[in-house]
Amino acid sequence: MLEIFIKGKRVRIGIFGGTFNPVHNGHKALAVYVQQKLSLDRFDFVPSYNAPHKENMSILPWEFRLRLLSLAVDGLENIRINTLEANRLGKSYTEETLGAYNKENPQAEIFFVLGAESFLALDTWKNGLLLPFLAEFVILQRFSEQDVAIKNFIEKNFPNARYDKCEKKWYLSADKKHGLQIVNNPLYEVSSTVIREKYLKGEDISSLVPELVLNELEQGQESVKRIWQTI
Ligand code: ATP
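Using the working numbering, you'd call the opening residue of the sequence shown number 15 and step up by one each time.
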C-alpha cells in the first residue's frame, strides 16, 4: 500500500529509457530537472538491454553501461536504475516495458520521458503510436524551435488530441485520460554520439560526462575505444 499511495496521493513514477552509450551530463541534469518539475516520487533510468533502433551501433556491454549509469546517479534523490529490460529475451521494446510498469504499479501514474527527436520518430517504434496510451508522455526539448514539429506530429498522428491551454498539456482523447506534455527544459547540447566521436579523436569530454563516468571510461579505455570504433 505504501508503494501505491504516498500521503493519500497516487505515486508518480517517471521512466527514462535509453541506450546510455554512455550516460552524459544532459541525461543527468534532465533527470533531476524532470523529477523535480513533475514532483515525481520516483524517476527510473531504464537502460535498453537490446535496443531495437541501434542494432548496428557500437554499444558498450550492458554491465559497463550499467556501471557508468550507477556512477552518474549515485547520490541523486529519488532517482534510480531499473534493469528490467535485461530480464527479457529479444529486443527491448518500450511497449513491453510500459506494460510491465503498469502491471507492477496498477495505481501509480506513469510518465515516460523522452527527447523531442525520439518522440518525432515514434511512428517507427513497435506500436509506437499506441505508447502514449500506456503512459503519460513527457517530451524534452533537445534543439531550439522543435515546438512546431512536435505540434504537427501530434496533430497528424493523434487526430483526437486537444491542447488544454490552462493545464499546458495535450490530451489524446476527450475523456482526458491520456495526457502528453512538452517540458520547457533548459537545452543541453550534448549527445552520446558526439561524446563517442570526441573520445575516439582523443578530444576532451570532461565537460560532457560526470567525472566518475570519465574516470571509468579512462580505466577501460582500450576496450571502450575498440567497441566504439566498430560499426
Ligand atoms: P545517441 O547520440 O547515441 O543516440 P543520446 O545522447 O540520444 O544517444 P540516448 O541514450 O539515446 O542518448 O537517450 C536517452 C533519452 O534521452 C532519449 O529519449 C533522448 O532523446 C534523450 N536525450 C538524450 N540527450 C538529450 C539532450 N541533450 N536533450 C534532451 N533529451 C536528450
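Note that the Cβ used here is the ideal one computed from N, Cα and C, for glycine as well.
All values reported here derive from a predicted model rather than from experimental measurement.
CB contact flag (residue i, residue j, <9 Å)
i              : j                 : result
valine 152     : glycine 31        : no
valine 197     : glutamine 160     : no
glutamate 164  : alanine 130       : This sequence places isoleucine at residue 164; glutamate is not what is there. Cβ distance < 9 Å, so isoleucine 164 and alanine 130 count as in contact.
lysine 255     : leucine 194       : The displayed coordinates of the chain run from 15 to 245. Any statement about residue 255 would go beyond what the structure contains.
isoleucine 241 : serine 72         : yes
leucine 286    : phenylalanine 167 : This structure does not reach residue 286, given that the chain is present from 15 up to 245, and the question cannot be answered.
tyrosine 213   : alanine 43        : no
proline 120    : histidine 192     : no
aspartate 55   : arginine 94       : no
valine 37      : serine 206        : yes
alanine 65     : lysine 105        : yes
tryptophan 4   : alanine 100       : The first residue shown for the chain is 15 and the last is 245, placing residue 4 beyond what the model contains.
tyrosine 63    : asparagine 199    : no
asparagine 39  : serine 221        : yes
proline 113    : leucine 148       : Note on identity: in this sequence residue 113 is glycine, with proline being the wrong assignment. Going by C-beta atoms, glycine 113 is nearer than 9 Å to leucine 148.
aspartate 58   : asparagine 116    : no
threonine 111  : leucine 103       : no
Cβ-based burial, residue i [other Cβ within 10 Å; buried from 16]
i                 : result
phenylalanine 238 : Before going further, note that residue 238 is valine rather than phenylalanine in the sequence given. With 16 or more other Cβ atoms within 10 Å, it is buried.
arginine 79       : buried
threonine 244     : exposed
threonine 108     : buried
leucine 143       : exposed
arginine 24       : exposed
glutamine 235     : exposed
methionine 15     : Reliability of the predicted coordinates at methionine 15 is poor, the pLDDT of 48 falling under 50, and no value is obtained from them.
proline 224       : buried
glutamate 181     : exposed
histidine 41      : buried
glutamate 150     : buried
phenylalanine 133 : buried
glutamine 49      : buried
Residues bridged to residue i (per DSSP)
i              : result
isoleucine 4   : Summary: the structure shown does not reach residue 4, with the chain confined to residues 15 through 245, and so no result is reported for it.
proline 61     : Gly32
isoleucine 153 : Leu128 and Ile196
isoleucine 241 : Isoleucine 241 pairs with nothing; no bridge assigned.
arginine 94    : Asp58
Check: Does the region 81-96 touch the region 219-231, meaning 3 or more C-beta pairs lie closer than 8 Å?
Finding: yes
Notebook entry, point to check: Can we say the region 87-104 touches the region 119-130, given the rule of at least three CB pairs closer than 8 Å?
Noted result: Result no; under three Cβ-Cβ pairs closer than 8 Å.
Next item on the list: Note down, one range per segment and in chain order, each beta strand (DSSP E) of at least 3 residues found wholly within the region 156-210.
Entry: Listed in chain order, the beta strand (DSSP E) elements of length 3 or more contained wholly in the region 156-210 are 176-178, 183-185 and 193-197.
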